[in-house]
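A.B. asks: Under our numbering, residues 1 to 311 are what the sequence shown spells out, in order.
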Amino acid sequence: MTVPGLLTFGESLAGFSVSEGKLRHATTADVGITGSESTVAIGVARLGIESAWAGRVGADEPGALVLSRLREEGVDTSAAVTDQEAPTGLALKDFRTPDSPRVAYYRHGSAGSRLCPEDICEDRVADAGVLHLSGITPALSGTAAKAVFAAIEVANAEGVPVSFDLGYRHALWSPDEARPVLLDLVAKADIVFAGDDEARLLGFDGTAEELAESLSGLGPDEVVVRLGPRGAVAELHGSRYDVPSYPVRAVDADGADDAFVAGYLADFLTGAPPERRVRTAAACRALALSVEGDWQGLPDREELTQLSRPR
Numbered sequence: 001m002t003v004p005g006l007l008t009f010g011e012s013l014a015g016f017s018v019s020e021g022k023l024r025h026a027t028t029a030d031v032g033i034t035g036s037e038s039t040v041a042i043g044v045a046r047l048g049i050e051s052a053w054a055g056r057v058g059a060d061e062p063g064a065l066v067l068s069r070l071r072e073e074g075v076d077t078s079a080a081v082t083d084q085e086a087p088t089g090l091a092l093k094d095f096r097t098p099d100s101p102r103v104a105y106y107r108h109g110s111a112g113s114r115l116c117p118e119d120i121c122e123d124r125v126a127d128a129g130v131l132h133l134s135g136i137t138p139a140l141s142g143t144a145a146k147a148v149f150a151a152i153e154v155a156n157a158e159g160v161p162v163s164f165d166l167g168y169r170h171a172l173w174s175p176d177e178a179r180p181v182l183l184d185l186v187a188k189a190d191i192v193f194a195g196d197d198e199a200r201l202l203g204f205d206g207t208a209e210e211l212a213e214s215l216s217g218l219g220p221d222e223v224v225v226r227l228g229p230r231g232a233v234a235e236l237h238g239s240r241y242d243v244p245s246y247p248v249r250a251v252d253a254d255g256a257d258d259a260f261v262a263g264y265l266a267d268f269l270t271g272a273p274p275e276r277r278v279r280t281a282a283a284c285r286a287l288a289l290s291v292e293g294d295w296q297g298l299p300d301r302e303e304l305t306q307l308s309r310p311r
């Protein structure tokens, strides 16, 4: 078996979405999966780089759905654990109004919340090109937080770059609970992605450039501060890069930040220069924005060439 270039670790959920209106009025729903780390894994795989997802799913149909969809997208799930005692988490998406989507997550007591250090396959971490994690996982439970730090410890010992997306979710923990954990994880990572609002949550202030510089001061070699439709700012090994945005009609923002991460990491794994990495990241975000769903709009390499020039 070929060792994947990217290894992700976190919770994936089964997702059910109605096309319009409230769930109570729906008679049909689209069935899929969701989860920050698994979306990144799919994005990297579509760009032609081997990727793997590790985590826990229940011994149930939603768990089988998660694993089968990931495999269909070329993501290696052989390091995943099937939990016989807890269900797979669920995400239900509907609309208050046509322009106001909402997502309800059912992850309390889920298999993903039972992630623990024993789930870390040290050999797989050691052989990965990049280990990618998010701030969602440590918010799930105490054991999940320990698993994240255990995975980083293995990666650091083996010289494997650690990618970390802050991914703050207010429904999972308060800013005061999250801040010390996220600061510690940023300091242990090599590559960090953050929204400007997430950087401010950590206690930093100023322009996007100043936020990137502050995060870099904690230790990571590469920091990208995302600014939504305004692009992003990157501080990479002491050099500053303005990341462009591409003109597209935004349809669904879900998964757009994960698409950005996937594009960046795919090019990082191929050794592409910084200028190309940030442009690929921005292009992936734009294409994901133009399609409904978390991962459905993630592009392949050919689709990246079809965008208009960035602005």
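Even for Gly, the Cβ is constructed at its ideal location relative to N, Cα and C.
It should be emphasised that the depicted structure is a prediction, and the values quoted were computed from it without experimental measurement.
Distance check for Gly271 and Arg277, CA to CA, integer angstroms please.
C.D. replies: To locate residue 277, count along the sequence shown from 1; it is residue 277. To locate residue 271, count along the sequence shown from 1; it is residue 271. The straight-line gap from Cα to Cα measures roughly 9 Å.
A.B. asks: Over the uninterrupted alpha helix (DSSP H) stretch that includes Phe149, give me the two end residues.
C.D. replies: For this step, residue 149 is matched to residue 149 along the sequence shown. First-last of the alpha helix (DSSP H) with Phe149: Gly142 to Glu158.
A.B. asks: Closer than 7 Å to a non-hydrogen atom of the ligand NAD - does that hold for the CB of Ala45?
C.D. replies: The model depicted lacks the ligand NAD and carries no ligand whatsoever.
A.B. asks: Have a look at Val186 and His25 and give me their C-alpha separation to the nearest angstrom.
C.D. replies: Locating residue 186 in the sequence shown gives position 186, where the first residue counts as 1. Locating residue 25 in the sequence shown gives position 25, where the first residue counts as 1. Spanning the two alpha carbons is a distance of roughly 43 Å.
A.B. asks: Considering only their Cβ atoms, is the gap separating Arg226 from Gly263 smaller than 8 Å?
C.D. replies: One-based indexing of the sequence shown puts residue 263 at position 263. One-based indexing of the sequence shown puts residue 226 at position 226. No, these two residues do not count as a Cβ contact at 8 Å.
A.B. asks: Where does Tyr264 fall in DSSP's three states?
C.D. replies: Working through the sequence shown from its first residue, we reach residue 264 at position 264. Here Tyr264 sits in helix by DSSP.
A.B. asks: What ranges does the beta strand (DSSP E) occupy inside the region 200-237, keeping only unbroken runs of at least 3 residues that lie completely in it?
C.D. replies: Entirely contained in the region 200-237, the beta strand (DSSP E) runs reaching 3 residues are, in chain order, 222-226 and 232-236.
A.B. asks: Taking Gly21 as the reference, which of Val248, Lys93, Gly32 and Val160 has the closest Cα?
C.D. replies: The residue you call residue 21 lines up with position 21 of the sequence shown. The shortest C-alpha separation from Gly21 is found at Lys93.
A.B. asks: With H, G and I counted as helix, E and B as strand and the rest as coil, what does DSSP make of Gly32?
C.D. replies: Walking along the sequence shown from the start, residue 32 turns up at place 32. Residue state, collapsed to three classes: strand.
A.B. asks: Can you tell which of Val224, Gly297, Ala234 and Asp242 has its C-alpha closest to the C-alpha of Ala253?
C.D. replies: On the sequence shown, residue 253 is found 253 positions in, with the first residue counted as 1. Nearest C-alpha to Ala253: Gly297.
A.B. asks: In chain order, what residues of the same chain have a beta carbon less than 8 Å from the beta carbon of Val75, not counting five sequence neighbours either side?
C.D. replies: Against the sequence shown, residue 75 aligns to sequence position 75. Excluding sequence neighbours, Val75 sits near Ser38, Ala41, Ile42, Ala45, Ser51, Ala52 and Trp53.
A.B. asks: From what residue to what residue does the beta strand (DSSP E) around Thr8 run?
C.D. replies: Indexing the sequence shown from 1 puts residue 8 at position 8. From DSSP, the beta strand (DSSP E) with Thr8 extends over Leu6 to Phe9.
A.B. asks: Between Cys116 and Thr34, what straight-line distance do the alpha-carbon atoms span, to the nearest angstrom?
C.D. replies: For the purposes of this step, residue 116 is taken as the residue at position 116 of the sequence shown. For the purposes of this step, residue 34 is taken as the residue at position 34 of the sequence shown. Those two C-alpha atoms are separated by around 21 Å.
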